[in-house]
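**Q** The following block contains the structure, expressed as structure tokens.
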Amino acid sequence: MSLYFLIPLISLLAVALLMSLVFLWALKIKNNGIVDVFWAFNFLIIAAIIYYMSDGWQARKTLVCVLAAAWSLRLGTYLLIRVGSHLKVEEGRYKQLRLEWTTSKFFVFYQMQAISNVVLALPFFIIALNKNSVWHWTEILGATFWLMAIIGEGIADWQLHYFKKQTQNKGKVCNYGLWNYSRHPNYFFQLCIWMAVSILAITSPYGWISLICPISIGYLLFKVTGIPMTEEQAIRSKGEAYLQYQKTTSKFIPWFKKTSS
20 MSLYFLIPLI SLLAVALLMS LVFLWALKIK NNGIVDVFWA FNFLIIAAII
70 YYMSDGWQAR KTLVCVLAAA WSLRLGTYLL IRVGSHLKVE EGRYKQLRLE
120 WTTSKFFVFY QMQAISNVVL ALPFFIIALN KNSVWHWTEI LGATFWLMAI
170 IGEGIADWQL HYFKKQTQNK GKVCNYGLWN YSRHPNYFFQ LCIWMAVSIL
220 AITSPYGWIS LICPISIGYL LFKVTGIPMT EEQAIRSKGE AYLQYQKTTS
270 KFIPWFKKTS S
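Letter by letter, the sequence shown follows residues 20 to 280 of this note's numbering.
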């Protein structure tokens with residue numbers, strides 16, 4: 020079997036098994052927020068599988084696996100701290116889903132997260148199997164953009180964490196740092212990450228397949244579990260303050276404040 024199929028298949032089996040165990044743990048502790056933590060850490064597992072099994076140019080393979088592992092560790096650790104700090108209190112968006120979904124639907128949700136891990140990792144497989152021993156300028160551009168996006172996402176997450184730690188900000192809308200210019204700067208940089216990965220992969224054999232990643236993550240962020248669920252919960256918990264924030268602050272791309280009508 021070709022490595023183009025074997026590595027994704029083994030990766031899917033590994034993360035699907037892990038997500039099944041995480042699902043059972045979530046049932047026990049009654050907190051589905053842990054799915055986000057393991058979704059992030061799953062990319063570390065996939066990066067390790069890719070590094071061990073792929074036969075592409077060593078320098079390129081090392082670059083993509085290091086960048087993927089660094090992003091996975093940063094995001095996973097941040098989410099672990101956030102979710103772990105209130106493990107006995109489930110996040111509002113998952114509380115709402117608990118009212119709407121059956122247990123079996125939650126299990127399917129966990130498995131869909133595992134599938135999304137592998138789909139989003141398609142550029143990693145493609146890049147690590149590229150045997151060409153010469154860097155293309157788009158790869159350097161993509162890697163640089165990727166690193167900048169990882170740093171930007173990290174800054175946005177840290178600013179939100181810092182804001183929430185201040186007791187005087189309890190119940191308030193975060194408008195600190197990047198959050199003063201975008202309602203979702205973390206999601207903005209997350210999309211940038213997958214755009215950068217696609218740029219890095221585009222010159223590899225089958226590199227065009229990587230374009231599915233920014234398209235998929237963009238759809239999820241704008242239409243499914245990203246912005247819609249986050250804003251619905253923010254309105255439920257913060258009410259008029261968040262509605263006012265929506266009127267004055269860019270939804271996605273960081274930009275200057277608007278005057279509220």
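Using N, Cα and C, we set each Cβ at its ideal position, and we do this for glycine too.
Are the Cβ atoms of Phe125 and Ile69 separated by less than 8 Å?
**A** Position 106 of the sequence shown, counted from the start, is the residue given in the question as residue 125. Position 50 of the sequence shown, counted from the start, is the residue given in the question as residue 69. It is not a contact, given that the beta carbons lie outside the stated cut-off.
**Q** Rounded to whole angstroms, what's the CA-CA distance from Asn205 to Ala147? Just pull it up for me.
**A** Within the sequence shown, residue 205 is the residue found at index 186, counting from 1. Within the sequence shown, residue 147 is the residue found at index 128, counting from 1. Distance between the alpha carbons of Asn205 and Ala147 is about 27 Å.
**Q** Under the assumption that Tyr129 contacts Met248 (Cβ atoms under 8 Å), give the Cβ distance between them as a whole number of angstroms.
**A** In the sequence shown, residue 129 corresponds to position 110, counting from 1. In the sequence shown, residue 248 corresponds to position 229, counting from 1. Your pair Tyr129 and Met248 does not check out as a contact, with CB atoms roughly 16 Å apart and the cut at 8 Å.
**Q** Can you tell me the Cα-Cα spacing of Ile26 and Asn51, whole angstroms?
**A** On the sequence shown, position 7 is the one that residue 26 refers to. On the sequence shown, position 32 is the one that residue 51 refers to. C-alpha separation (whole angstroms): 29 Å.
**Q** Assign Leu46 to buried or exposed, taking buried as 16 or more other Cβ atoms, counted over all protein chains shown, within 10 Å of its Cβ.
**A** Indexing the sequence shown from 1 puts residue 46 at position 27. Exposed: under 16 other Cβ atoms inside 10 Å.
**Q** Once the 5 residues before and after Phe60 are set aside, which same chain residues still bring their CB inside 7 Å of it?
**A** Residue mapping note: residue 60 aligns to position 41 of the sequence shown, counting from 1. So the qualifying residues of the chain are Ser91 and Gly95.
**Q** For the alpha helix (DSSP H) containing Ser229, list its first residue and its last residue.
**A** Here residue 229 refers to the residue found at position 210 when the sequence shown is read from its first residue. Taken as a continuous stretch (DSSP letters only), Ser229 belongs to no alpha helix (DSSP H), as it is neither H nor E.
**Q** At the level of alpha carbons, what is the spacing between Arg202 and Ser21?
**A** The residue labelled residue 202 in the question sits at position 183 within the sequence shown. The residue labelled residue 21 in the question sits at position 2 within the sequence shown. C-alpha separation (whole angstroms): 44 Å.
**Q** Please tell me whether Glu14 and Ile212 are closer than 8 Å, where the distance is taken between their beta carbons.
**A** The question about residue 14 has no answer, for the chain in this structure spans 20 to 280.
**Q** Assuming Gln187 is part of the alpha helix (DSSP H), what are its boundary residues?
**A** Translated into the one-based positions of the sequence shown, residue 187 becomes position 168. From DSSP, Gln187 is part of no alpha helix (DSSP H); its letter is neither H nor E.
**Q** For the pair the region 214 to 225 and the region 184 to 200, tell me if three or more CB-CB distances fall below 8 Å.
**A** no
**Q** In or out: Gly190 buried (at least 16 other Cβ within 10 Å) or exposed?
**A** Counted from its first residue, the sequence shown places residue 190 at position 171. Flag for Gly190 reads exposed.
**Q** Starting from Gly103, trace the alpha helix (DSSP H) both ways and give me its first and last residue.
**A** Residue mapping note: residue 103 aligns to position 84 of the sequence shown, counting from 1. Gln77 to Gly103 is the span of the alpha helix (DSSP H), which, as asked, contains Gly103.
**Q** With a Cβ-Cβ cutoff of 8 Å, do Leu240 and Leu210 count as a contact?
**A** By one-based count along the sequence shown, residue 240 stands at place 221. By one-based count along the sequence shown, residue 210 stands at place 191. Yes; because the gap between Cβ atoms is below 8 Å, this pair is in contact.
**Q** Output the distance between the C-alpha atoms of Pro224 and Val85, rounded to the nearest integer angstrom.
**A** The residue given as residue 224 occupies position 205 in the sequence shown. The residue given as residue 85 occupies position 66 in the sequence shown. Those two C-alpha atoms are separated by around 21 Å.
**Q** Using only CA atoms, which one of Arg117, Lys107 and Ile145 lies nearest to Trp227?
**A** For the purposes of this step, residue 227 is identified with residue 208 of the sequence shown, where counting begins at 1. Minimum Cα distance to Trp227 is reached at Ile145.
**Q** Quick one: complete alpha helix (DSSP H) runs, 4+ long, within the region 134 to 189?
**A** Secondary structure remark: continuous alpha helix (DSSP H) runs of at least 4 residues inside the region 134 to 189, in chain order: 141 to 147 and 156 to 184.
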